[in-house]
Structures are given as C-alpha cells and as structure tokens.
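Residue numbers (this note's numbering): 166 to 656. Backbone N, C-alpha and C define an ideal beta-carbon position, used for all residues, glycine too.
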Ligand code: UD1
Ligand code: CA
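Put into structure tokens, the structure is as follows:
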C-alpha cells in the first residue's frame with residue numbers, strides 16, 4: 166500500500182523544498198539561531214500560545230525555525246516559557262534534533278529571553294542570530310542578508326508608512342544607528358513620527374552579546390529588559406551597529422489576529438505566486454498551505470483547499486471546492502468538484518467525485534473511479550475498480566476491475582469490532598447490496614442486485630438472497646378500489 170503519511174518532507178516558506186547549496190557561506194556551526202517564543206501573546210486573546218497560531222497551515226514558530234535552518238544555522242535554540250510543553254512537543258516532532266530549547270521561567274522581556282538563550286548556547290558558538298517567533302514571514306534569504314554582514318551588532322531595519330507599535334530606529338546626524346526606542350517609550354512626537362522601524366532580527370558577536378546583556382536594566386515604560394537597548398549600549402561603547410535594509414512586507418510582527426490575517430494574505434500570495442511561476446494554475450479562492458507540494462502542470466480550481474503534507478503530481482486536475490488534507494494525488498488524476506479527502510492516496514488517472522468523501526487510509530489505485538456520494542475509509546481499490554454512485558466502502562480490499570453498483574454498503578461494524586470485506590478481481594456487485602463483513606467475494610463472482618451477502622462467495626459464483634418475484638394479474642385494480650372505499654368510509 167502506498168504510504169499514507171509522507172515522511173516529514175523538508176518544508177520551508179512557500180512550500181518550497183529546502184534548497185540545496187544554501188549552506189555555502191553561512192553554514193559554520195559557530196552561528197546559532199535564538200528564536201524568542203516565550204511570551205504569552207496576550208493580544209491574541211487565546212489559550213493557545215501565540216507562536217503556535219497557524220499561518221498557512223503551519224504554526225508561526227515553524228516558519229521561523231525553517232527560515233533559520235534554511236539560512237544555514239546549524240542549530241536553532243527556541244526560548245520557551247508560556248505554553249512551553251506544547252511548543253516543545255510541536256517543534257520536536259517537526260524538526261527533531263535540529264531544534265533545542267532554553268527555558269525563560271518568567272517573561273521579563275526580550276533581553277531577558279536572550280539571556281536565557283545564551284546560557285544554552287553550545288561551546289564554540291561565535292555568532293548568534295536572534296529573531297522573534299511572531300515574525301513568520303521572514304525567510305532564509307532575509308536572514309542570509311544579515312549573516313553576510315560583519316560587525317558586533319548587525320540589525321535589520323525597514324521603513325513603514327504606519328510604524329505604530331514597532332520600535333523606532335534612532336540615528337545621529339552622521340546617520341549612525343544609535344538606539345531603538347520602543348513605541349511606549351517615545352518621548353516626543355518627533356520620535357513617534359520616525360518611520361524607520363525595528364523588525365526584530367539581529368546578528369550578534371557572542372562576546373559583545375554576553376558583555377552587553379549584563380548591562381541591561383528594566384528602566385522603561387514596561388519595566389522589562391529590552392533586547393533593543395543593546396543598540397544604545399553598543400553606541401555608548403563606541404561600536405557602530407550595522408543596519409541592513411529589510412523587505413518591508415516580511416516584518417509584520419503578528420501580535421494579534423488582525424496582524425496574523427495580514428501576514429496570512431501575504432504568505433498565501435507568496436505561495437500561490439511561486440506555484441504559478443512553476444507552472445501550476447491556481448484559481449481564485451484556492452488556498453494552498455505552506456507544507457503542500459504541487460508539481461508543474463497541475464490545475465487547482467476555484468476554492469480548492471490543500472492542507473498538511475498533500476502532494477499533487479503533474480497533470481492532475483482539482484476541480485472546484487476540493488478539500489485535501491495529507492493526500493497524495495498521482496499523475497493525471499481528476500478530482501471533480503467538492504471531493505473531500507484525508508490521509509489518502511488517489512492513483513494515476515483516477516476519477517473522483519463530484520461530492521466524494523475519502524476518509525483516512527483510502528488507497529485508490531490507477532484508473533479507479535469513485536463517483537458521487539461515495540464514502541470510502543480504510544479501503545484499498547486496485548487498478549480500474551469502480552464505485553460510481555452512492556456507496557459506503559469501509560475496511561475493504563477491492564480487486565482490479567471490480568464494479569460496485571449504486572447503493573452498495575460494506576457493513577463493516579458490529580457495534581464492537583470492524584471487519585474486512587475482500588472482493589477479488591473482476592467481481593461484480595449488483596446495486597443495493599449489503600456485504601456483511603467479514604466476507605470474501607471470489608474472483609469473477611457475481612452478486613445479484615439487492616443481495617445481503619453474509620457468507621463468502623466462491624470464485625465465478627453467483628450470490629442471490631432476495632425473495633423470488635411474484636406477479637398477480639389485475640391485483641392493482643382491486644387494491645385501488647379497496648383503498649378508495651376505505652377513504653370515503655372515513656368522511
Ligand atoms: C518587539 C521589539 C520591537 C520591534 C518588534 C518587532 C523589543 C523590546 N521590542 O516588540 O522593537 O519593533 O518586536 O515585531 O524587543 N518574548 C519572550 N520573552 C519575553 C518577551 C517576549 O520570549 O519575556 C518573545 C515573544 O514570544 C515574541 C518576541 O519575543 O515572540 C517579541 O516580543 P513582543 O512582546 O511581541 O515584542 P513587541 O512588543 O512586538
Ligand atoms: Ca511582537
């Protein structure tokens with residue numbers, strides 16, 4: 166049986182597979198990423214930790230970790246606190262040993278979070294890339310731009326027409342970056358009017374970082390230890406920060422659901438744009454999640470939703486409104502409108518729908534036809550098998566070229582256990598049959614319409630369980646007369 170669950174494919178932003186060759190310049194094991202993800206995310210108003218809120222199908226923090234790995238960081242240390250069990254469980258499952266964790270017991274600010282992270286750095290670390298778990302649009306390419314620059318403190322900056330909520334970049338007359346002022350600490354309207362802001366991505370030389378973290382004090386509006394104060398600390402000791410201009414659209418910090426939605430729109434457009442460039446038709450209203458892989462020359466119809474580890478191979482056509490979650494669609498398959506499928510495989514040239522429901526572990530072979538209002542679950546259909554109308558096929562193994570008539574039901578459940586229905590190659594199941602599992606219908610056997618199959622059928626045999634038909638001449642006339650009289654008697 167084909168694999169229902171793909172081995173965790175390497176997924177980066179926009180669903181692109183990890184680029185090979187990216188490691189060339191920055192792959193030094195001495196650069197470690199610290200991703201800050203300990204905050205509660207009060208503005209989300211949610212019981213789910215902020216960094217686990219999904220963006221294009223993957224938790225925000227997933228995108229950040231993937232970007233850091235893509236940029237060549239040998240290790241990503243995620244600073245966790247609020248909801249740490251959930252965050253750690255997710256990331257360990259998704260990334261294994263490439264992520265580790267540092268605990269920030271109390272959320273005393275981004276500077277304190279970095280202190281906690283630094284304590285967990287492996288020996289030999291020279292440079293530390295620091296960024297935030299709520300900035301999921303940043304990609305490997307953005308991080309590489311910073312990693313490629315030299316200096317004790319390299320930071321991204323960016324200009325925004327509406328800088329509200331972000332830390333402002335303060336420069337001196339010579340244009341040197343001398344401080345970052347948080348919105349809440351801006352002393353003057355002039356400071357608030359500054360449009361150059363801090364997206365929150367930094368590369369520190371470890372020595373500078375350790376020395377200056379020790380100097381942080383919570384002397385600000387929020388009473389926190391601000392990581393951003395390191396810029397002023399550097400300036401005070403005569404060190405120039407190195408600003409790197411960042412892409413404006415990637416810096417959205419997702420603090421609340423409005424910003425999350427904005428980021429979602431951007432990320433979707435990025436994913437869909439890349440797919441279109443690679444030769445995929447992506448119609449209006451379609452939503453392709455970040456973990457999905459679509460090969461060239463696939464047509465994705467209006468309002469199609471592709472989730473999880475879905476893989477769609479060349480030549481496949483997904484018509485209006487299909488929803489696929491962890492599904493492999495083989496070459497040239499045609500999914501007619503409103504096919505819903507989960508954890509399943511759809512074979513080459515198969516035709517499914519409209520209105521078909523493939524529940525987990527449905528494995529459709531090549532050239533299989535599944536028609537309207539057919540539900541399958543844990544059922545394998547071999548090449549060329551057909552169930553074109555109104556059927557429930559649960560816990561079955563169906564052979565090649567088997568034809569399953571309208572209204573057939575695999576009665577797989579006795580209230581306690583599930584049982585298997587086996588139908589061998591070339592068997593024919595007449596309409597409105599119930600197959601009471603466990604049962605085997607032999608190769609080439611025929612099940613007459615309306616049969617309740619309760620025992621196995623031998624190869625090339627015929628199973629019939631219906632009552633023999635009887636015709637009574639003229640009986641309908643007498644019947645009508647009787648019914649009419651009964652009705653008039655009531656008046
Ligand atoms: C921060 C920056 C601000 C910048 C903005 C960009 C500081 C002081 N401010 O503000 O200059 O413009 O990001 O989006 O750094 N976190 C912890 N532990 C803590 C506090 C926060 O791990 O004690 C984590 C949060 O989980 C979050 C990230 O750090 O992922 C940033 O914290 P947040 O409170 O969102 O900072 P902003 O107010 O957005
Ligand atoms: Ca933030």
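At the C-beta level, residue 390 and residue 381 come within 7 Å of one another.
A straight-line Cα-Cα distance of about 22 Å links residue 286 and residue 300. Distance from the CA of residue 476 to the CA of residue 445, rounded to the nearest whole angstrom, comes to 13 Å. When the beta-carbon positions are compared, residue 497 and residue 480 come within less than 7 Å of each other.
Ligand 2 approaches residue 299 closely enough that one of its heavy atoms is under 6 Å from the residue's Cβ.
Shortest Cα-Cα distance from residue 417 to any of 451, 366, 393 involves 366. The DSSP assignment places 574-576, 586-588, 599-601, 604-606 as complete runs of the beta strand (DSSP E) inside the stretch 562-631, in order along the chain (cut-off: 3 residues).
Taking residue 364 as reference, the option from 414, 383, 507, 643 with the minimal CA-CA separation is 414. With a minimum length of 3 residues, the unbroken runs of beta strand (DSSP E) contained wholly in the stretch 381-417 fall at 407-410.
Per DSSP, reduced to three states, the secondary structure at residue 265 is strand.
Separation of residue 419 and residue 248 (C-alpha to C-alpha, rounded to the nearest whole angstrom) is 17 Å.
The Cβ atoms of residue 203 and residue 244 sit closer than 7 Å to each other. Taking a contact to require three or more Cβ pairs closer than 8 Å, the stretch 332-350 and the stretch 259-277 do not qualify as touching.
At the C-beta level, residue 455 and residue 312 stay beyond 7 Å of one another.
Residue 619 sits exposed, since fewer than 16 C-beta atoms from the chains shown fall within 10 Å of its C-beta.
Bounds of the beta strand (DSSP E) holding residue 540 are 534-546. Set against 6 Å, the gap from the CB of residue 352 to the closest heavy atom of ligand 1 is not smaller. Excluding five sequence positions before and after residue 560, the CB atoms of its chain that fall closer than 6 Å to its own CB belong to 543, 577, 583, 585, given in chain order.
With a contact defined as Cβ atoms closer than 8 Å, residue 507 and residue 483 miss out at about 15 Å. Not one heavy atom of ligand 2 falls within 6 Å of the beta-carbon of residue 246. Burial check for residue 491: the Cβ neighbour count within 10 Å reaches 16 or more, so the residue is buried.
Remark: three or more beta-carbon pairs, one from each stretch, lie closer than 8 Å, so the stretch 562-576 and the stretch 588-604 are flagged as touching.
Between ligand 1 and the CB of residue 331, the shortest heavy atom gap is smaller than 6 Å.
Straight-line measurement puts the Cα of residue 219 at about 16 Å from the Cα of residue 258. By the Cβ neighbour-count rule, residue 438 is exposed, with fewer than 16 other Cβ atoms within 10 Å of its own. With fewer than 16 other Cβ atoms inside 10 Å of its own Cβ, residue 353 counts as exposed.
If you look at residue 369, you'll find it in the beta strand (DSSP E) that goes 366-370. Secondary structure of residue 273 (DSSP, three-state): coil. Relative to ligand 2, the nearest heavy atom lies less than 6 Å away from the CB of residue 420.
Assignment of beta-bridge partners to residue 196 by DSSP yields 292.
If you check the C-beta of residue 544 against ligand 1, you find no heavy atom less than 6 Å away. Taking C-alpha positions only, residue 350 is separated from residue 326 by approximately 20 Å. Contact check between the stretch 280-298 and the stretch 329-336: fewer than three CB pairs, one atom from each, fall below 8 Å, which does not count as touching.
Around residue 221, the same chain offers 429, 432, 433, 436, 454, 455 as residues with beta carbons nearer than 7 Å, after the five sequence neighbours per side are excluded.
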